[in-house]
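Taken in order, the sequence shown gives residues 1 to 263; the numbers are from full-length UniProt numbering. C-beta: ideal position from N, C-alpha, C; glycine also. Please read these numbers as outputs of a predicted model, since none were measured by experiment.
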Amino acid sequence: MMLSRTRRRPRNFDDELMIDVSEEGGVRKLHFGSDDTQSAMKINAPNELLLAYSRCVFASLLFLEPPQKMLLIGLGGGSIAKWVHEYLPTTHLTCVELFQQVVNVARSMFFLPPDDERLEVITGDGAAHVYNMADESVDMIMMDAYSATGIAAPLASTDFFTACKHKLTDDGVLAVNLWSIDRRFEQYCEQLASVFDGRLICLPARQKGNVIAFAFMRGQNNPQWERLADKAKKLEAEYGLEFNEFVSDLARMNPHNDRRLFL
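In structure tokens, the structure reads:
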């Protein structure tokens with residue numbers, strides 16, 4: 001069932017954004033001008049992370065403490081923002097979304113809460129926001145700005161990844177939502193690895209080829225699988241996400257041996 005359709009023409013006719021919202025079986029979905037699902041929400045459990053890639057974002061907790069300050073580039077239906085607001089009470093999240101219309105839909109139809117002392121949603125250009133952060137630093141930057149045509153060029157350059165690095169704290173991490181079937185996937189990974197001196201791991205989501213790339217400010221001392229499994233068990237009990245699967249899936253795309261993940 002299609003609930004609504006709106007159109008946005010922000011700069012020129014080639015930059016049109018069509019927003020569709022559909023609903024079926026108690027699940028509401030956000031689409032940007034195609035059948036691809038940008039965001040999904042259970043109406044009776046709006047803070048649950050339905051899409052696998054959005055859950056994979058928080059595999060960062062296997063390596064780092066919950067961020068005190070987090071920047072999210074790209075809002076969609078607000079799934080990641082809502083989860084942070086609900087489950088990471090010590091995290092201040094700033095979200096930058098290019099289109100005000102997306103923010104309006106997230107708030108009116110996907111239950112994104114209003115701004116408060118822990119949540120700030122800004123309408124603007126994500127790349128420009130990073131470049132203009134002055135001396136402010138954050139513990140985690142999550143880039144969720146993938147579209148049907150890939151990552152917008154200003155968000156996929158070595159210069160931008162370098163700017164992100166300069167805005168992270170000493171223990172910070174940049175997480176980027178990628179598609180493994182994108183012809184530029186290897187290019188993106190090579191750029192991230194170059195900027196972060198090889199401190200890069202990729203976690204495949206069990207959904208449509210999504211991959212979350214994590215680029216770390218510090219190495220993680222080649223953690224043992226046993227230690228990661230122990231931490232996964234604790235995190236899974238605390239947050240309800242499939243951290244044990246995250247650990248096993250890390251072996252699919254990253255250098256390792258039977259004892260350690262090389263990071």
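Which residues does DSSP list as the beta-bridge partners of residue i?
i      : result
Leu200 : Ala215
Ala40  : Lys29
His129 : Per DSSP, none; premise fails for His129.
Give the straight-line distance between the Cα atoms of residue i and residue j, rounded to the nearest whole angstrom.
i      : j      : result
Glu120 : Phe214 : 23 Å
Leu112 : Leu88  : 15 Å
Phe63  : Ala175 : 13 Å
Pro114 : Pro255 : 42 Å
Gly76  : Glu226 : 36 Å
Asp170 : Glu24  : 44 Å
Tyr131 : Met217 : 18 Å
Asp110 : Ser137 : First, the amino acid is wrong: residue 110 is Phe here, not Asp. So the alpha carbons of these two residues sit roughly 29 Å apart.
Ala153 : Phe185 : 13 Å
Ile122 : Lys167 : 18 Å
Arg5   : Thr37  : Low local confidence applies: a pLDDT of 48 at Arg5 is under 50, so the model's placement there is unreliable, and no value is given.
Arg8   : Arg118 : Because the pLDDT of Arg8 is 42, which lies under 50, any placement of that residue in the model is unreliable, and the number read from its coordinates should be weighed accordingly. Going by the C-alpha atoms only, they are around 29 Å apart.
With 16 as the cutoff for other CB atoms within 10 Å, does residue i come out buried or exposed?
i      : result
Phe58  : buried
Asp139 : buried
Thr94  : buried
Ile219 : Here residue 219 is Gly; the residue named in the question, Ile, does not match the sequence. With fewer than 16 other Cβ atoms within 10 Å, it is exposed.
Phe13  : Model confidence at Phe13 stands at a pLDDT of 33, short of 50, so the residue's coordinates are unreliable; what they give is reported in the following sentence. Classification of Phe13: exposed, given that the 10 Å Cβ count is below 16.
Met18  : exposed
Asn222 : exposed
Ile43  : exposed
Asn257 : exposed
Arg206 : exposed
For the beta strand (DSSP E) holding residue i, just list the boundary residues, first then last.
i      : result
Gly172 : 168-179
Lys208 : Element bounds for Lys208: n/a, residue is neither H nor E.
Glu97  : 92-97
Glu24  : 17-24
Leu241 : Counting along the chain, Leu241 falls outside any beta strand (DSSP E), and DSSP gives it neither H nor E.
Val84  : Val84 -> not in any beta strand (DSSP E); alpha helix (DSSP H) instead, spanning 79-87.
Glu120 : 119-123
Taking the alpha helix (DSSP H) that residue i belongs to, which residues open and close that run?
i      : result
Met109 : 100-109
Leu192 : 185-195
*Would you check if the segment 242-255 and the segment 71-84 touch, i.e. whether three or more CB-CB distances between them fall below 8 Å?*
No contact exists between the segment 71-84 and the segment 242-255.
_At least three beta-carbon pairs within less than 8 Å, the segment 178-190 to the segment 223-235_ = No: the two stretches stay apart, fewer than three of their Cβ pairs being nearer than 8 Å.
_Using 8 Å as the cut-off, can you tell me whether the segment 143-160 makes contact with the segment 118-134, which would need three or more C-beta pairs spanning the two stretches below that distance?_
With the rule of 3 Cβ pairs closer than 8 Å, the segment 143-160 counts as touching the segment 118-134.
*On the three-pair Cβ rule with 8 Å, is the segment 95-108 touching the segment 47-54?*
Contact between the segment 95-108 and the segment 47-54 is absent: fewer than three C-beta pairs spanning the two stretches fall below 8 Å.
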